[in-house]
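Going down the list, the sequences are from chains R and P.
Read in order, the letters of the first sequence correspond to residues 1140 to 1767 in the working numbering.
Read in order, the letters of the second sequence correspond to residues 17 to 195 in the working numbering.
Think of the CB as a built atom: it goes at the ideal place given N, C-alpha and C, for glycine as much as any other residue.
Source: prediction; values computed, not measured.
Report on one structure; see the data block that follows.
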Amino acid sequence: MNRAPFTATGLLVWASLATGPCHSEELKDLYFGEALYYAHQGLYFEALERLDAEVLQHDEVDEPERDTLYPYMDDAEFSLGDFELRYRMHQRAGRAITAVLEGAVDDEVRNDAAYRLARIQFQKGQMEDALLALSRIEGKVPEQIRDDIEFLRANIYLALDRPADAFDTFKRLQDSKSYGAFAAYNLGIAHLQAGERQLAIEQLDRAGRFETSDPADLAIRDKANLVLGTLLLEGGDYTTSAQFLDRVRLDGPFSNQALLSAGWANMSGEHYARAVVPWSILAQREVTDAATQEAMLALPYAYGKLDIHGRAAVYYGQALDAFGTEVEKLNGSIESIRDGRFLDALVREEIRQNKDWVIRLRSLPQTPETYYLMQLLASNDFQTVLQNYLDLADLHRKLVSWQSSFDAFDDMVEIRSEHYTPLLPEIDTEFRELDSRFRLRIEQHKMLVKRRDDLLTTPRPEFLATREEQDLLNQLDAMESRFGGGELRTSEKMLLERIQRLRGLLVWTLNTEYHERLTEFDRNLRNLDAAMATAQAEYDEFVRSRQAATHSYVGYDTPIRQLRTEVQDSIVRVESLMKRQGHELELFAIDELVARRSRLENYREKARFALADSYDRATQAQARSVLQ
Amino acid sequence: MPTFMRFLVLAVFTILVGAVCAPGFAQEIASEDTRSLDGQVQEIKSDVLSIASELGNLEERLLYPSNTQLALFVAFHDSEDFRLDSIQVVINGEVATQHIYSFKELEALQKGGVQRLYTGNVPTGDHQLKVTMHGKLKNGKDFSETDDFSFAKGIAPKALGITLAGPSLGGSPILVGDW
């Protein structure tokens, strides 16, 4: 990559206009800015490609301190690690950040690197290493990541089954603007993990009343209430359990599970009529949801308990129909996955343009395989495999596109070669002639400059004589030499005197006009300097153009051939990996669907028996009523 | 709240509470095979990045030799009063490029990204550049600005920065400078 020097004009443009978030305030490295442009769009491959090249070039320059990236090298190294992390290249990301960590850098920079490294290790499940990375944090810590560090540290303790070490941090973070709700919830979980059930209940109760309007905080508040309600339900405290479950918002992400649990809490407390309420709501919701399906079976069960067997029979009948339809749908989905349509749906470009693409996938026509995979799609492990598959699909698209460009490159090189090859020999011949003349002129120019310089120190008027004057002097010399050294006759003497007078006149003119002539000479020479500079520039431009002509078609065969081979090999590797990764995804999906089908079939059996039983009971009740 | 932290909370929730409220919630699929496959995916990503870098260099040498190379970059000064919609660049009377901004691209510019708008070839010497930007003001009215500039192309690659700003900041909304 070529780069132009960062000039004062550019600096002023940035300095006067560039304000705003993140790097824009001070960023003056163009290529780093370009990498950020891609990164901010989530195009981490492109961002890495640009920044990698920029950092590599910075490392190779002779005077790195003059490079525009120099002031941002630490940030660039960080960003490299960050982009690699986001592009799921943990191995390289770890190396990049460790390099910064071990360099001679400020406390804030090192501590930021330590945090990022710990974050990577936490994500990879390397908890001890993550803790070790955090232990390297000392001295000044950047304010914007202080809470992040503490929250991460406390979560590592939880993952290491050391909840007691996390208590203080979570307590402190409850007042944090970013982590308040999360810390409150996790503190409850920490108590739960430590076996302090009562404290866990009290803390989850607090987390479940967290005042907020932030959607993420509201969701975590719902989760706290759901966990608390479920805990109490399992502990047999049905009435209190239902109260906490009722706190969960009806339109939140945990509402289905909460409605289901609320029904069971009331059912277990033998408040059958109360159980009907949440289950009636839930039974009307998305039929593919596991909680909804369970509610479809639970609702008529509750009516049965209320001795309303007729209605129970109706609901069992509806459930039976719905389960049958869903089993058919699942069969279709499993078949569809086996036909490879699941993977086709995942890589559909229009779906991935939307950040909620996983949800939109569900509404796609002709993709029944995705109906039952929402939970699986949302699970972290599945996401890792899925993202790898999608990344591979992107790589494949890129490689195939590059492969087609090699033919165009070959054509281009060939056309240039055909154009230049016959032209260049003639041009070179003309150039050689021009070159020798130009070199001669350069020598002449140098000689004149030297003469001017000599005249400035040692005046030599005869050097500034005009051509006519020089001819006259030569003629006078020639005439004078004819007189020899003998006795001269009178006429000869007179002639000699005339010659000497003429010489005297010439010498007089040369001496009296010397300074004027020297000034004129100097002026002419200076004009010549400018002309010579122009000629030199044109000469240089010609040389460069001549070189560029050669460079435009010579020396490409080997790199194009090598790259073509590398791209071809990579396509084969990517296809092989996609096949394996795709197969893994299909197996996960099929396993999930088979499990859901098995559960539904079980429900269907139960519904069938319960339906018959309800009819019997309804009939018996009707008969009793008639007899009475 | 960063996405990562949501992941943390989800992870902790899954570890500790998954069994309580969502039995059989997710399958454990991170087997050794998966990890090994993940390593291979990371390797191929690294290799393809290297290829992309080499290919970029090759393309630049082949398509945009340094003595004729001209690159135009766009930076944006975020303004609440103005939303950039599109830009058009005319070099020596001919349309060199035009671009309509997507939401994501605009956001990336607002966050400090620098867009490579155009890479092409011009001979050495003086050239004319006309930049036109279109957008919308906060009150819904269309806003358009065109400015003319000149620049000299030498034998080295030329990089020009176009900085765009809204009309309310004072001064010219379009600035062009060497980079």
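| query | result |
| --- | --- |
| Looking at C-alpha atoms only, which residue of R:LYS1589, R:THR1648, R:ARG1578, R:ARG1621 is the closest neighbour of R:THR1605? | R:THR1648 |
| Answer with buried or exposed for R:ALA1654, where buried requires no fewer than 16 other C-beta atoms within 10 angstroms of its C-beta. | In the sequence as displayed, the identity of residue 1654 of chain R is His instead of Ala. Its Cβ having fewer than 16 others within 10 Å, R:HIS1654 is exposed. |
| Please name the residue, chosen from R:GLY1347, R:ARG1656, R:TYR1440, that lies closest to R:VAL1416 on a Cα-to-Cα basis. | R:TYR1440 |
| How many angstroms separate the CA atom of R:THR1308 from the CA atom of R:GLU1289? | 6 Å |
| For P:LEU191, list the residues DSSP reports as bridge partners. | P:THR179 |
| Against P:ARG132, what residues of chain R qualify as contacts under a CB-to-CB distance less than 7 Å, listed in chain order? | GLU1173 |
| Thinking C-alpha only, which one of R:ALA1243, R:LEU1343, R:TYR1176 is nearest P:PHE119? | R:TYR1176 |
| Helix or strand or just coil, what does DSSP make of P:LYS157? | coil |
| Taking the CB atoms as reference points, tell me whether P:THR140 and P:ALA87 lie closer together than 9 Å. | no |
| How about R:ALA1734 and R:ILE1476: do their beta carbons lie closer than 9 Å? | no |
| Where does the unbroken alpha helix (DSSP H) through R:ARG1189 begin, and where does it stop? | 1183-1199 |
| Can you find a C-beta in chain R that's less than 9 Å from the C-beta of P:LEU62? | The residue you asked about is not Leu; residue 62 of chain P is Ser in the sequence shown. It does; some Cβ of chain R falls within 9 Å. |
| For R:ALA1532 and R:ARG1736, I'd like the C-alpha separation in whole angstroms. | 30 Å |
| Report yes or no: is there a C-beta of chain R within less than 9 Å of the C-beta of P:LYS154? | no |
| Using a Cβ cut-off of 9 Å (strictly closer), state whether R:HIS1654 contacts chain B. | This model lacks chain B altogether, as its protein chains are R and P. |
| With H, G and I counted as helix, E and B as strand and the rest as coil, what does DSSP make of R:MET1228? | coil |
| Quick test of the definition: if touching needs 3 or more C-beta pairs under 8 Å, does the region 1216-1230 of chain R touch the region 99-108 of chain P? | no |
| Beta-carbon within less than 6 Å of R:GLY1278's beta-carbon, same chain only, minus the 5 sequence neighbours each way: which residues are those? | ASP1246 |
| Identify the continuous beta strand (DSSP E) that holds R:VAL1552 and give its terminal residues. | Per DSSP, R:VAL1552 belongs to no beta strand (DSSP E); it is in the alpha helix (DSSP H), 1519-1596. |
| Leaving out five residues on either side along the sequence, give the residues of the same chain with a beta carbon under 7 Å from the beta carbon of R:ILE1284. | ASP1251, TYR1254 |
| Chain P beta carbons: is any one of them nearer than 9 Å to that of R:SER1163? | No answer about R:SER1163 holds up, because its pLDDT of 36 lies below 50 and its placement is not dependable. |
| Residues in the region 1711-1744 of chain R with C-beta within 8 Å of chain P's C-beta atoms, listed in sequence order? | ARG1712, VAL1713, LEU1716, ARG1719, GLN1720, GLU1723, PHE1727, ASP1730, GLU1731, ALA1734 |
| Given this structure, state the Cα-to-Cα distance separating R:ASP1668 from R:PRO1203, to the nearest angstrom. | 36 Å |
| Is the beta carbon of P:ASN83 less than 9 Å from the beta carbon of R:SER1684? | yes |
| Between which residues of its own chain and R:ASN1110 is the CB-CB distance below 6 Å, once the five residues before and five after are set aside? | Nothing in the structure corresponds to residue 1110 of chain R, since chain R is present only between 1140 and 1767. |
| Let's see if you can read the secondary structure: which residues bound the beta strand (DSSP E) around P:GLY211? | Nothing can be reported for residue 211 of chain P, as the shown portion of chain P is limited to 17 through 195. |
| Which chain P residues are close to R:GLU1705, counting only those with a beta carbon under 7 Å from its beta carbon? | ILE67 |
| What would DSSP say about P:THR113, mapped onto helix, strand or coil? | strand |
| Three-state secondary structure (DSSP) at P:LYS146? | strand |
| Would you mind sorting P:ASN155 into buried or exposed? The rule is 16 or more other CB atoms within 10 Å of its CB. | exposed |
| Applying the 10 Å Cβ sphere with the 16-neighbour rule, what's the burial state of R:LEU1195? | exposed |
| Identify, in the order they occur along the chain, each residue of the same chain with its Cβ nearer than 8 Å to the Cβ of R:ILE1699, setting aside the five sequence neighbours on each side. | PHE1545, PHE1548, ASP1549, VAL1552 |
| Among residues of its own chain, excluding the 5 on either side of P:GLN43, which ones have a beta-carbon nearer than 8 Å to its beta-carbon? | Reliability fails at P:GLN43, whose pLDDT of 36 lies under 50, so the model's placement of it is uncertain and the value that follows must be treated cautiously. Correct list: empty, nothing qualifies. |
| For chain R, check one thing: does any of its Cβ atoms lie closer than 9 Å to the Cβ of P:PRO183? | no |
| Just checking: is the beta-carbon of P:ALA112 within a distance shorter than 9 Å of some beta-carbon in chain R? | no |
| Figure out for me which residue from R:VAL1453, R:PRO1392, R:PRO1564 has the closest Cα to the Cα of R:ASP1752. | R:VAL1453 |
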